[in-house]
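For what it's worth, our numbering labels the leading residue of the first sequence as 1294, then goes sequentially.
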Amino acid sequence: MYWTKYFIPTLKENPAGAEAVSHQLSLRAGLVNMLTAGVYSYLPLGLRVLNRIESVIRQEMNEAGAHEVFLPCLHPIEIWEKTGRVESMKDVMIRFEDQRGRRLCLGPTHEEIITHLAQQYIHSYRQLPVNLYQIQTKFRDELRPRFGIVRAAEFIMKDAYSFDRDEKGLKKSYDLMYQAYQRIFKRCGLDIVIVEADSGAMGGSISHEFMVESPIGEDAIAACPACGYRGALPTDFSEGGSACPKCNGPLVKKSALEIGHVFQLGTKYSNSLNAVFLDEDGKQKPMIMGCYGIGVSRLIAAVIECLHDEKGIVWPVEIAPFQVEVLALQVTDVAVMDLAEKLYNGLRNCGLDALLDDRDESAGRKFNDAELIGIPYAIVVGKRGAAEGIVELKDRRTNSTEKFPVNEAVDICLKKLGRGV
RNA sequence: CGGGAAGUAGCGCAGCUCGGCUAGCGCGCAACGUUCGGGACGUUGAGGUCGUGGGUUCGAAUCCCACCUUCCCGACCA
């Protein structure tokens, strides 16, 4: 992609009102734009990151045996009345009537819808287990949207739902998701903390939250400064008094942001929506369910919170909007531009997503923008280097620069990106 | 929903206390020229219902009232 033909509206200054780092950087790097509180547009760069994260999630979900579906946002309120959640979720539900007076809501979550689906199609233990997932927009009437896309009224979630014939099966399905989540977050460059959690409005018994340590977190975890242990905050936690389960040192409280949550639901929804199957013993039984959520849009913010420096975002390779950026420092110099384009095409021919900054701007601005948008590697093409056949490779993460002969640059990039040569 | 802060050009802000504005500054934007390895410089130019509505006044960005919006803290929250 040529920068001049793309749409990357970077901002030099922090927008007023954005205090969280991820909020500031997501606006400054031209990832998102606010329409109204808690409602955001994704701009090309932000959408690229979103798509990459979704791709990681899809790979891991599919690998774990889940199948993708796409459920509606528009729900008839009756189905919510059947499970009683029209009451328990009334504060977050956005409700309205259509022209015929049909009562509808914008889906805040999809247990009811997926269970209704299972009720229609699954009738035998032979069809189980099944795990269906989707990546969808959720709507919640947030009283106080916060920190940009961290807590939004309209946000993107991956939600998976498992159906099993018994508790043993549920444990297995749950475990598959649990492990997939660990891989997903690792691939997104995050160091997660998993804690047992309350199942809250979802119902069910066992539940785990996947969190990252972050100053804007709305939850709390315990951390041990001595040995690096991090885990659930003890219910009887007292600052400096609670002891680390690993080294017995004093624990401290840290705020953490929830990015995933898995639940063993049991039969709450299958009972109320009559999702039953005929088991091997000829008896009709309710399906045993689990549900598994990842805040996909929030994940973007979480990654920025965890992976940034004073200059901007530092994307992990796996979810970066581009893998390599070529900086042509003097675009009016034919030799520089020719070389930059040659490198750019070379990268693309190797299957890499490359961005060529071909703007007629000062070198400083280009360096700063490159650092702001956080592309993992940058190849710098300058006048002097072009004449000598030398380019520089900058590593966004380590902030180091190495020089290479022009004809080696593409291969070096591939190697650094783990693509081999 | 309670408490606090803020709304002036695309972005960031000053002006408001003490009414005189034909509303400024920086960035960005357009044109031309000079620059060209860390947010260059000069000249010229475009761009504004001062959040909205009402009130006070000869005169309101500025004073008064109401409302709207955004941000932060809290409460709430897969």
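Just so it is clear, CB atoms sit at the ideal spot from N, CA and C, and this is done for glycine as well.
Predicted model, so just to flag it, every value in this text is computed and none were measured.
>> Output needed for valine 1349: all residues of its chain with C-beta closer than 8 Å, excluding positions within five of it in sequence on either side, in chain order.
In response: Here the set comprises Ile1477, Arg1480, Cys1481, Glu1611 and Ile1612.
> So what does serine 1548 bridge to, in DSSP terms?
Replying inline: Partner(s): Ala1513.
> Looking at C-beta atoms only, is the number of pairs between the segment 1365 to 1372 and the segment 1327 to 1347 that lie closer than 8 Å three or more?
Replying inline: The count of Cβ pairs closer than 8 Å, one atom from the segment 1365 to 1372 and one from the segment 1327 to 1347, stays below three, leaving the stretches out of contact.
>> Cutting at 6 Å between CB atoms, please list the residues of its own chain near glutamate 1353, excluding the five before and the five after it.
In response: If you ignore the 5 residues before and after glutamate 1353, its C-beta comes within less than 6 Å of the C-beta of Ala1473, Arg1476 and Ile1477, all in its own chain and listed in chain order.
>> Whole angstroms are fine: how far does the CA of serine 1334 sit from the CA of lysine 1676?
In response: About 39 Å.
>> According to DSSP, is isoleucine 1581 part of a helix, a strand, or is it coil?
In response: Residue state for isoleucine 1581 is assigned as strand, using DSSP reduced to three classes.
> Helix, strand or coil: how does DSSP classify glycine 1657 here?
Replying inline: Note: glycine 1657 maps to helix in three-state DSSP.
> Does the beta-carbon of proline 1422 have 16 or more other beta-carbons within 10 angstroms, so that it is buried, or is it exposed?
Replying inline: Proline 1422 should be labelled buried.
> How close, in whole Å, do the beta carbons of alanine 1516 and leucine 1544 come, if the pair is a contact with beta carbons under 8 Å?
Replying inline: Yes, alanine 1516 and leucine 1544 are in contact; Cβ-Cβ is about 7 Å, under 8 Å.
>> Can you check which of these residues, Glu1685, Gly1586 and Ala1702, is closest to glycine 1639 by C-alpha distance?
In response: Checked all of Glu1685, Gly1586 and Ala1702; the closest Cα to glycine 1639 is Ala1702.
>> Using a Cβ-Cβ cutoff of less than 8 Å, which residues in the same chain neighbour threonine 1625 once the five nearest sequence positions on both sides are dropped?
In response: Taken in chain order, the residues that qualify are Asp1653.
>> I'd like the list of long-range same chain contacts for isoleucine 1705, defined as Cβ closer than 7 Å, with 5 residues on each side in sequence excluded.
In response: If the five residues before and after isoleucine 1705 are omitted, its C-beta is found closer than 7 Å to the C-beta atoms of Leu1686 and Phe1697, all from its own chain and listed in chain order.
>> Tell me which residue opens and which closes the beta strand (DSSP E) that leucine 1592 is part of.
In response: Bounds of any beta strand (DSSP E) do not take in leucine 1592; it lies within the alpha helix (DSSP H) bounded by 1589 to 1599.
> How many whole angstroms separate the CB atoms of alanine 1633 and valine 1674, which I take to be in contact at a CB cut-off of 8 Å?
Replying inline: Indeed they touch by this definition, with Cβ atoms about 4 Å apart.
> From leucine 1320 to isoleucine 1597, what distance separates their C-alpha atoms?
Replying inline: So the alpha carbons of these two residues sit roughly 12 Å apart.
> Closest to glycine 1497 by CA distance: which of Ser1590, Gln1557 and Gly1605 is it?
Replying inline: In this structure, Gln1557 is the residue among Ser1590, Gln1557 and Gly1605 with its C-alpha nearest to the C-alpha of glycine 1497.
> Do you know offhand how far histidine 1403's Cα is from glutamine 1412's?
Replying inline: If I take the Cα positions, the gap works out to 14 Å.
>> Given a cut-off of 9 Å on the beta-carbon distance, is the pair histidine 1416 and histidine 1501 in contact?
In response: Going by C-beta atoms, histidine 1416 is not nearer than 9 Å to histidine 1501.
>> Looking at tyrosine 1418: is its Cβ nearer than 9 Å to the Cβ of leucine 1571?
In response: Yes; because the gap between Cβ atoms is below 9 Å, this pair is in contact.
> Leaving out five residues before and five after arginine 1690 in sequence, what residues of the same chain have Cβ atoms less than 8 Å from its Cβ?
Replying inline: Once the five neighbours on either side are set aside, the close Cβ partners of arginine 1690 are Val1607 and Pro1669.
> Which stretch, first to last residue, makes up the beta strand (DSSP E) that contains phenylalanine 1697?
Replying inline: Membership of phenylalanine 1697 in the beta strand (DSSP E) is indicated by the continuous run 1693 to 1698.
> Three-state secondary structure (DSSP) at serine 1417?
Replying inline: Three-state result, serine 1417: strand.
> Going by C-alpha distance, which of Ile1301, Cys1398 and Gly1323 is nearest proline 1308?
Replying inline: The shortest CA-to-CA distance from proline 1308 to any of Ile1301, Cys1398 and Gly1323 is the one to Gly1323.
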